[in-house]
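Below: one structure, written as structure tokens.
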Amino acid sequence: MKTQTVPAYAKLNLTLDILGKRPDGYHELRMVMQTVSLCDDVTVTLTDGTGVACRVAGAELPCDERNLAVKAANAFCEALDHHGGIDITLTKRIPSEAGMAGGSADAAAVLRALRDLIAPTLTDERLEEIGARVGSDVPFCVRGGTQLAEGRGERLTALRNAPRLYAAVCKPDFPISTPALFQRSDRVALTDRPDTAAMLAALEAGDAAALCASVKNVFEQVLPDEQRARIEDIKHALLVHGAECAAMTGSGSAVFGLFREEDVCRTVCEALRSAELQTFCTIFV
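Going by our numbering, the first residue of the sequence shown is number 1, and it counts up by one from there.
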């Protein structure tokens with residue numbers, strides 16, 4: 001049996017802006033997204049059977065099409081007319097319901113592994129097309145790095161790699177509903193938007209200070225009051241401990257602060273970790 005193990009890297013949103021609702025019901029987004037070193041391990045094995053089997057270690061997740069890794073395997077098989085069996089093992093480290101694309105990262109890792117095992121000449125563009133059928137963040141997770149993501153998130157423009165920064169990621173013990181946030185964004189005027197052009201200029205110049213000054217997530221404006229207060233508390237704690245900036249990633253509920261030095265980032269994570277707050281020190285990759 002042929003097998004492949006690949007890392008599934010998480011992402012952070014350096015910026016996230018909602019430009020409006022589209023006729024198809026989706027929202028038009030403009031985001032600068034960054035891969036970080038925090039990752040799951042994804043092992044894919046080709047078997048003599050049929051269908052897709054899945055096992056998960058480190059989290060309680062479904063192993064049917066609700067799991068994007070399974071959905072990705074099925075999409076790959078359909079696109080390439082592959083009928084053999086596939087066994088997937090996920091070793092989870094990326095927190096769920098965090099806004100860090102854990103499910104999308106797993107899906108992208110499955111696609112990369114299946115390409116290596118079945119169709120090594122398949123182009124990145126084709127793999128991203130398959131990924132877009134699975135989820136909006138999957139094409140980014142296939143490509144990785146520092147990207148401007150537009151549309152639903154599937155239209156990507158490669159950017160100069162971000163300066164080497166460390167992120168203290170804090171995940172509180174509550175989920176945030178992405179559909180509910182989009183609905184709330186339709187009902188309010190979003191006034192405090194990220195300056196995406198400034199972020200792009202900071203990346204082009206390799207200016208870490210300007211990058212940090214441009215970090216912003218418009219979703220923070222439409223959080224329910226109780227959740228918004230908690231997110232603001234976490235941001236404040238990160239800033240007090242020396243973060244150059246702090247923001248929620250994606251639709252939350254994880255919050256990150258950026259640091260220049262790894263030892264400072266790790267010290268902050270240790271200081272803020274509690275029963276109600278998971279913390280992770282990770283680096284831009």
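Cβ atoms here follow ideal geometry from the backbone N, Cα and C, with glycine treated the same way.
Whole-Å CB distance - residue i paired with residue j, under 8 Å assumed
{"i": "V264", "j": "S37", "result": "Not confirmed; about 17 Å, so no contact."}
{"i": "I94", "j": "V52", "result": "Not quite, the Cβ-Cβ distance comes to about 21 Å (not below 8 Å), so this is no contact."}
{"i": "L122", "j": "R143", "result": "Their Cβ separation, rounded to whole angstroms, is 14 Å, which puts L122 and R143 out of contact at 8 Å."}
{"i": "F140", "j": "Q227", "result": "Between Q227 and F140 the Cβ distance is about 25 Å, and since that is not below 8 Å, they are no contact."}
{"i": "A8", "j": "V42", "result": "5 Å"}
{"i": "G237", "j": "L203", "result": "Reading off the sequence shown, one finds Ala at residue 237, where the question assumed Gly. That pair is no contact at about 27 Å."}
{"i": "T279", "j": "T15", "result": "Wrong, their Cβ atoms sit about 23 Å apart, outside the cutoff."}
Bridge partner(s) assigned by DSSP for residue i
{"i": "G151", "result": "L29"}
{"i": "V268", "result": "Note: V268 sits in no beta bridge, so no partner."}
{"i": "T45", "result": "T3 and D87"}
{"i": "S274", "result": "L277"}
{"i": "D64", "result": "D64 pairs with nothing; no bridge assigned."}
{"i": "Q34", "result": "L12 and T146"}
{"i": "A158", "result": "Q147"}
{"i": "D40", "result": "A8"}
Residue i - containing beta strand (DSSP E), residue span
{"i": "F174", "result": "Counting along the chain, F174 falls outside any beta strand (DSSP E), and DSSP gives it neither H nor E."}
{"i": "K71", "result": "First-last for K71: L68 to L80, but that is the alpha helix (DSSP H), not the beta strand (DSSP E)."}
{"i": "G20", "result": "T3 to K21"}
{"i": "A57", "result": "V52 to A57"}
{"i": "L258", "result": "V255 to F259"}
When the options are compared against residue i, the one with the closest alpha-carbon
{"i": "D132", "options": "K71, R187 and M199", "result": "Looking at the sequence shown, residue 132 is not Asp but Ala. The shortest Cα separation from A132 among K71, R187 and M199 belongs to K71."}
{"i": "G58", "options": "G102, E276 and A247", "result": "G102"}
{"i": "L19", "options": "E97, R112 and P194", "result": "P194"}
{"i": "V222", "options": "Q4, A10 and D17", "result": "D17"}
{"i": "D137", "options": "L29, F256 and E262", "result": "L29"}
{"i": "I176", "options": "Y166, G99 and L211", "result": "G99"}
{"i": "F219", "options": "N161, R184, L239 and D207", "result": "R184"}
{"i": "G206", "options": "A107, N161 and P23", "result": "N161"}
{"i": "R112", "options": "E270, C77, H83 and K92", "result": "C77"}
{"i": "R55", "options": "T89, M33, A189 and A198", "result": "T89"}
{"i": "H83", "options": "A109, G49 and P163", "result": "G49"}
{"i": "R152", "options": "K21, Q4 and P62", "result": "K21"}
{"i": "C39", "options": "D81, K92 and E65", "result": "K92"}
Sub-8 Å separation of residue i and residue j beta-carbons
{"i": "T249", "j": "L12", "result": "yes"}
{"i": "I130", "j": "A75", "result": "yes"}
{"i": "T35", "j": "G145", "result": "yes"}
{"i": "L46", "j": "L148", "result": "no"}
{"i": "L159", "j": "L127", "result": "no"}
{"i": "H27", "j": "F259", "result": "no"}
{"i": "K216", "j": "A180", "result": "no"}
{"i": "G257", "j": "L239", "result": "yes"}
{"i": "A105", "j": "A10", "result": "yes"}
{"i": "C245", "j": "C212", "result": "yes"}
Bounding residues of the alpha helix (DSSP H) (the contiguous stretch that carries residue i)
{"i": "L239", "result": "D225 to V240"}
{"i": "M199", "result": "T196 to A205"}
{"i": "C141", "result": "V138 to R143"}
{"i": "C212", "result": "A208 to S214"}
{"i": "I94", "result": "It is not in any alpha helix (DSSP H) - I94 carries neither H nor E in the DSSP assignment."}
{"i": "A189", "result": "Where A189 is concerned, there is no enclosing alpha helix (DSSP H), given that its DSSP letter is neither H nor E."}
{"i": "A107", "result": "G102 to I118"}
{"i": "A247", "result": "No alpha helix (DSSP H) holds A247; the beta strand (DSSP E) holding it covers A246 to M248."}
{"i": "D124", "result": "D124 to V134"}
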